[in-house]
Structure formats: C-alpha cells, structure tokens
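J.:
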Amino acid sequence: MSQMETRGETQNLTLVQAVRDGLRDEMREDERVLVMGEDVGKNGGVFRATEGLYDEFGGDRVIDTPLAESGIVGTAIGMAAYGMRPVAEMQFMGFIYPAFDQIVSHAARLRTRSRGRFTCPMVVRAPYGGGIRAPEHHSESTEAFFTHHPGLKVVIPSTPYDTKGLLISAIRDPDPVIFLEPKLIYRAFREAVPDEPYEVPIGEATVRREGEDVSVFTYGAMTRPTLEAAERLEDEVSVEVVDLRTVSPLDEGTILESFEKTGRAAVVHEAPKTGGLAGEITATIQEEALLYQEAPVKRITGFDTPFPLYALEDYYLPEATRIVEGIREVAEF
Amino acid sequence: MSVLQRDSGEQIQVLSENGQVTDESQLPDLTEDELVEMYRYMKLARHFDQRAVSLQRQGRMGTYPPLSGQEGAQIASAFALDDEDWLFPSYREHGASLVRGLSLKRTLLYWMGHEAGNAIPEEANIFTVSVPIATQVCHATGAAWASKLQGGDKAFICHFGDGATSEGDFHEGLNFAGVFDTPNVFFCNNNQWAISVPRERQTASETLAQKAEAYGFEGVQVDGMDPLAVYEVTKRAVEKAKDPGEGELRPTLIEAVQYRFGAHTTADDPSVYREEEEVEQWKAKDPIPRMETFLLENGYLDTEGVEAIEESVKEEVAEAIDEAESVTRPEPEEIFKHVYEGMPERLREQAAEFEALRETYGDDAFLEGH
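For the protein sequence lines, the chains are R and Z, in the order given. With numbering that gives the first Met the number 0 applied, the first sequence has no gaps in its numbers, which climb one by one up to 332 at the end. With numbering that gives the first Met the number 0 applied, the second sequence has no gaps in its numbers, which climb one by one up to 369 at the end.
1. Considering only the alpha carbon of each residue, which of R:Q292, R:L183 and R:E227 lies closest to D212 (chain R)?
2. Alpha carbons only, please: which of R:V206, R:P200, R:D303 and R:V15 is nearest the one belonging to E332 (chain Z)?
3. Quick one: measure Cβ to Cβ for V329 (chain R) and A229 (chain R), integer angstroms, because I've assumed they're closer than 8 angstroms.
4. Quick one: does the C-beta of V256 (chain Z) sit closer than 6 angstroms to a heavy atom of the ligand COA?
5. Whose Cβ in chain Z lies nearer than 9 angstroms to the Cβ of T225 (chain R)?
6. Going along the chain, which residues of its own chain have a beta-carbon closer than 7 angstroms to the beta-carbon of A77 (chain Z), five neighbours each way excluded?
7. What residues from the segment 296-315 of chain Z come within 8 angstroms of chain R, judged by C-beta to C-beta, listed N to C?
8. So with Cβ pairs under 7 angstroms, would you call P307 (chain R) a contact of chain Z?
9. Can you tell me where the beta strand (DSSP E) with S89 (chain Z) in it begins and where it stops?
10. Roughly how many whole angstroms lie between the Cα atoms of V206 (chain R) and F175 (chain Z)?
11. What do you get for N297 (chain Z), buried or exposed, if any count of 16 or more other CB atoms within 10 angstroms of its CB means buried?
12. Taking a contact to mean a Cβ-Cβ separation below 7 angstroms, would you say K152 (chain R) touches A17 (chain R) in this structure?
13. Taking just the CA atoms, how far does I201 (chain R) sit from L165 (chain R)?
14. Which runs of the alpha helix (DSSP H) fall wholly inside the segment 147-208 of chain R and span at least 4 residues, in chain order?
15. Can you tell me whether DSSP reads G167 (chain Z) as helix, strand or coil?
16. With 7 angstroms as the threshold, decide whether the Cβ of S325 (chain Z) is near any Cβ in chain R.
17. Tell me which same chain residues have a C-beta within less than 7 angstroms of the C-beta of E331 (chain R), skipping the five on either side of it?
18. Check for me: the beta strand (DSSP E) holding P271 (chain R) runs from which residue to which?
19. Measure the alpha-carbon distance for Y272 (chain Z) versus A282 (chain R) and round it to whole angstroms.
20. Starting from the N-terminal side, write out each stretch of the alpha helix (DSSP H) that is 4 residues or longer and does not extend beyond the segment 242-308 of chain Z.
21. Should L183 (chain R) and I102 (chain R) be called a contact, given that it needs their Cβ atoms to be closer than 7 angstroms?
22. So, helix, strand or coil for S1 (chain Z), using DSSP?
23. Give, in chain order, every unbroken run of the beta strand (DSSP E) that is at least 3 residues long and sits entirely within the segment 120-168 of chain Z.
24. At the level of alpha carbons, what is the spacing between Q209 (chain Z) and V219 (chain Z)?
25. Interface residues of chain Z around F94 (chain R) at Cβ under 9 angstroms?
26. Please state if the CB of A106 (chain R) and the CB of C119 (chain R) are separated by a distance shorter than 7 angstroms.
27. Exposed or buried, what is F188 (chain R) when buried is set at 16 or more other beta-carbons lying within 10 Å of its beta-carbon?
28. Inspect the CB distances between the segment 85-101 of chain R and the segment 126-141 of chain Z and report whether three or more fall short of 8 angstroms.
29. Could you say which of Z:R345, Z:E330 and Z:Y339 lies nearest to F365 (chain Z) if we only look at CA atoms?
30. Report the residue from Z:E114, Z:Y360 and Z:H170 whose alpha carbon sits nearest the alpha carbon of A139 (chain Z).
31. Would you please verify whether the beta carbon of I125 (chain Z) is less than 7 angstroms from any beta carbon of chain R?
32. Spell out whether any CB of chain R is found under 7 angstroms from the CB atom of L43 (chain Z).
33. Strictly below 8 angstroms CB to CB, what residues from chain R border H113 (chain Z)?
34. Between D313 (chain R) and chain Z, is the shortest Cβ-Cβ distance under 7 angstroms, so that the two count as touching?
35. Closer than 8 angstroms is the cut-off here; do at least three beta carbon pairs connect the segment 249-262 of chain Z with the segment 101-114 of chain Z?
36. Counting only Cβ pairs nearer than 8 angstroms, list the residues of chain Z close to S214 (chain R).
What follows is the structure, encoded as structure tokens:
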C-alpha cells in the first residue's frame, strides 16, 4: 500500500507513456540500462512504448534486434550477468514462448546455480491480455506460467503511476522481473505521474477501494471492471478491491488483512481458471485464514479454452456483469 | 538451378521490370490460359488487399496484414504446386491460399475475428495460419517427413518472411529437412522489412538463400516480383522434392526478393522507419504491370481482356465482402467447441454457467465495456 512520496512536477500520462517515462528516467540515471527488442528503436515499439528513446540514447542503448525472442532474452541474460541492466521487450506476451527456455532455465536459476556468483538483473517487458480486437496470439494472459516458476518476480501494474514506479523498481531489482503491461488500458486514461524517478515497491498490493463485506483480489486490466462492479453493487454489498500489482511473490499480508476483515472473497483475472492465480490466492486464504472464512472463494476468470478470435472475446473476458454476479454469490452465501 | 547463389546479383529473373523476357531458357511451360489465370489471380489478390485495408480503416475489420507488392511471389509459387501438394502459410499468404482453395470469404472472416475463418475446407491442402514467426517451418518439415515415411509423393511448401530466418524454428526446421531429406520447398518472402527492421539487420549474410548451404541443400534467390521466374524456380524445387537427382537432397530454400508496398499490418505506420523514395523504387518492379505487359505484347490478352478481368475481380471481391459481413456474431459456445475431441465436464460447466448468465442479463451486458 505504500507509495513513495514524490515532490515536484507531474505530467498527465497514459499507462504506455508511463512505461516510456520510466525507461527514459532509468536510462538517464544509469548508463548500464539498455532497451532491446523487435522494433523498439526507430519505430519506437509497436505500441510506442519506447518512442523517442532511440533519438535520445542511440542505437547502442535502444537496440533493434533480429526477430528472435530466444536470442533477445538469451543475450540479455548474458548482458545482465556481465554488468548491464537490460530491459528486453517481447512484442506481445503470445510471442514470449521461444524465450521461455531462457527465462525459466537460466534467468530464473542463474543466481541459484552459481551460488550467487552470477546474477540476472534483467527485466522482460511484454504487453499482455485481451480486448483490443487483435489477431490470434495477441490477447493471451499467461502470467501463471511465470508465477509458477521459482526465481522470477512477476509484476502487473494497473495505473500509470504504478507503472512507472514498478518499472523503475524492476530495473533496479537485482533479480529477473517479468513485467506484464495491460495493453487494453495502455491509453485508456491518464494520471498524474511525477517527472522524477520513484519506486513503487515490488511485492506490495494496494487497496483500491475499501469495503466491509467482500474482498475482491485482482490485477492489471481487470482492476477497472472490478472497480466498476464494486460501484454497481454499492447499495447492496460493500466491496473491497485489492490490486495485487505484483503476482509473484504475492503480498500475503495485504491479502489476509483484507480477508480477515470481510471473511468473503472473489478473485478476478482474465487468464484461464485452471492453474491460475485465483487458485493460489484461494489456497493461501484456506491455509492462513480458514477460521475467518464465511463463504467459498469465487473465481471469476477467463474460460479454460484458448483465447478466441476477437468476435468472441467480449464473452471470454470477465466484465462488470460477470464480476457483479460473482461477488453477489459470495455475499449471499 | 544447380548453383548455390551467394551473390544477390545472380538472382533468377525471366521478365524484366518492363515485362520483357530476359531469359528465354527459363520461360515456364504454361499455356496462354494458365498465364492469363495467373495474372487474374494477381489482380484479384491486389484488389482484395486494397479493399481489406479499406474495410479495416472503416472499422469493418480488425488488424489486417496487407500483401500488395507480393502477389507475384504468392500466386506464382502456389501455382507451381501440383493439386495434391500442401501449403504451410504465414499470416500474409491470402493470395497463395486463394489459389490453393481457401475462399476470400474465409480469409475475410478470419481477419474479422470469426473462428469460421479458421475452418479450412477438407479438400484444400492448406495448414492453419501460423501467426508466431517461423513456427510453421517445423510443421512443414514434419508433415513432409510423415508423407515420406508413409511412402507419399507430395511436396510441402512453406511460406515465411525474411524476419523468420532469424528465429530458432527456421534453423531447426531446415536442419531437420536436410538430415531427414524431406520433400520441402521453403519459400522465403523476403519483402525487405520485418515490421521496422530492414533485411540487413536480420543477418550479416549476403543473401538469405545461402543459408541453405549450411543445411546441406540447395538455396536459390529469385526475383520475387517476377511471377514467371518464381513459377519456374518453384516448379523445379517441387519436382526435385518429389524426385531428386542422383546425389541431390530433396529440400530447397527459395529466397524470393520482393517488397511490401504497404504497412506490416494496418496497425503499423511505415513512414516512421522507411523513406517513400525507397517504396517508389520498388513500385517500379510491381509484378502486375510486368505480367500485363508480357501478356499484351505476346497477344495472350488485349486491353478489353484486361478491363473484363478488372470488372470481374471487383465483383468477386464485393461478393466475398457481402457474404463475410452477412455472417452474424458467432455464439459463445464456439469458444468451447474444438478444444478437445470431447468436452471435459469442467469445461461443460463453465459453458453452462456462462450461458445461464447470458440468459439472465442478455447479450448486451457482455458486449459493452470492452
């Protein structure tokens, strides 16, 4: 819940602009930081997340690589181990898989394997999630692949302010961070973002809305429809919305504090149900706060199916109606 | 086609940029009707492409990857296949897929986000569209390998772009093809740009074709905007895949040198990373006027014939758009179908739960908001 106090000027930025702002600040502060990926240079990234960086820092620090995700992450690991602070961009989360071996077999284990001699202070950024009418493989939300794997931190911001602060924390982190950006809300709204660099700590959730009856845990692009659902339910159920912000390691303290107050919970994510974060959160509640529990934990998630082509994506993604219904079920149990 | 080409100056060409035959010995053995048909397909693909981009601009279709400039390579390479051969496309191969039996309506539906666009007719030997770069290369090798193990006599062509040659799957697919001597034609549409990254930033190799040498088989560079050269080179590669000569391996890597006139997709703005002057230079090599000149000057077609083709392709595309747009939004149950042969109970429950909610709240409750 902590937000570092910041002073001075702010700008109203979108989430994607906050990504660029965070990258730029860290590149100015630390010459070891570099950005690498497909189309991140002159093109400024397919979502314009690196716009202007090539002009400011040049091609040796804002690097257009060959089209090879395993190559990007694999060489970033080598760079990180050798003293750089690479931020590797995967163009879409759906294209991260060629790099999966490098991420899980090496980035996540380098510290362990070398008994601390070699480390991997690397960030892998990727836009994730559905709702933008995109072609196949451009809408998935597969953070659970990475949260399942020890040695990785997985961060998913939901606001421009958090995006910049969490990204800076991720770049400064001594271990590899998978930084997943909710592209559905890349440009959905603006927020005052400080000009100066600041950190939002990794591993801390935040309460977006306080309530007494039901705790709803969510993150990323699902935070907004969850808040909307809470609003719709205002007259019947007092809903607390917790934005996890970091999905690995989970902030058990904030989760449990909220649950022990309400005794009822739902989890909302767009990723499929089976093996998703909702199961992990539910199990944590069972293990740590069983005696507070007054209702089964409801999982409001994507279906256990491949993400459909976009004509059907609105049905696939949890939205306020499904979330309202789920919360009501928990409240009325 | 026995010389491995290392020098981009040696690429095979049959028709000059002005539509003049530059190498009689390489003229393909095609009838007048076949030549005209090939031309008509190219015109159809171009018109389809222009309309598709415009549909996207009008909000009638999602993101779409244009093919203009690449018709010569797509149509001619697909034309060079025998009926029983197989095509493993990338996501830009609307023209090649059309020749092989995938209707324009289906291609439109796919880019309109309908699962029905993914349903490939039983009689069409086309594999699914592969969006992740180069992944289909391994599938094409595997299918060709299976066919060989089964005693088959088919060729398997796989299309991909210049950027794909940087991916691990490209290397692995071609390496397996060499080791297991599979009946493959690897057709690289080198359109010079992988989104914003130019060909020379993908590899320090002089040509992409020369990468074949490392796998032990033949690589050839062809003028990809010369449909007759593409046809001839592909035809020979298909024949070799089926019936290699003494000491020859079956696979071939063809690098078809061409240019993407438009954006990578409708979500891309190429003016950010390339000069209009470069685009204009490549437009001088446009495969369509080149083929048209050849047909007109040889008397295979007259101007009335050209006009008639232009009219008929417009009608054909308009009809496909009408048909695709008349398809209503699929039912949510389509999300759950075809995940497995049978639907697991857990999935059935999820489908039922959603359907019950939809009955309670109505469709609009789920369609708004995103």
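No residue lacks a Cβ here, since even glycine has one placed at the ideal position from N, Cα and C.
T.: If we stick to the structure as given:
1. R:Q292
2. R:D303
3. With a Cβ gap of about 12 angstroms, V329 (chain R) and A229 (chain R) do not count as contacting.
4. This structure lacks the ligand COA, and indeed carries no ligand of any kind.
5. Correct list: empty, because the minimum Cβ distance to chain Z is about 12 angstroms.
6. Counting only Cβ-Cβ distances below 7 angstroms, and skipping sequence neighbours, we find L86, A95, V98 and R99.
7. Correct list: empty, as no residue qualifies.
8. Closer than 7 angstroms to some Cβ of chain Z, the Cβ of P307 (chain R) qualifies, so yes.
9. S89 (chain Z) -> no beta strand (DSSP E), and no H or E assigned at all.
10. 53 angstroms
11. exposed
12. For K152 (chain R) and A17 (chain R), no; Cβs fall outside 7 angstroms.
13. In this structure, the straight-line span from the alpha carbon of L165 (chain R) to that of I201 (chain R) is close to 6 angstroms.
14. 159-171
15. helix
16. no
17. none
18. A264 to P271
19. Our two residues, Y272 (chain Z) and A282 (chain R), have alpha carbons roughly 50 angstroms apart in a direct line.
20. 275-282 and 286-296
21. no
22. In this predicted model, S1 (chain Z) has a pLDDT of only 40, less than 50, meaning its place in the structure is not dependable; the value taken from the coordinates is given anyway. Note: S1 (chain Z) maps to coil in three-state DSSP.
23. 155-160
24. 7 angstroms
25. V130, P131 and I132
26. yes
27. F188 (chain R) counts as exposed, since fewer than 16 other beta carbons sit within 10 angstroms of its beta carbon.
28. Remark: three or more beta-carbon pairs, one from each stretch, lie closer than 8 angstroms, so the segment 85-101 of chain R and the segment 126-141 of chain Z are flagged as touching.
29. Z:E330
30. Z:H170
31. no
32. no
33. L308 and A310, listed in chain order.
34. yes
35. no
36. In chain order: nothing, as chain Z lies at least about 22 angstroms away.
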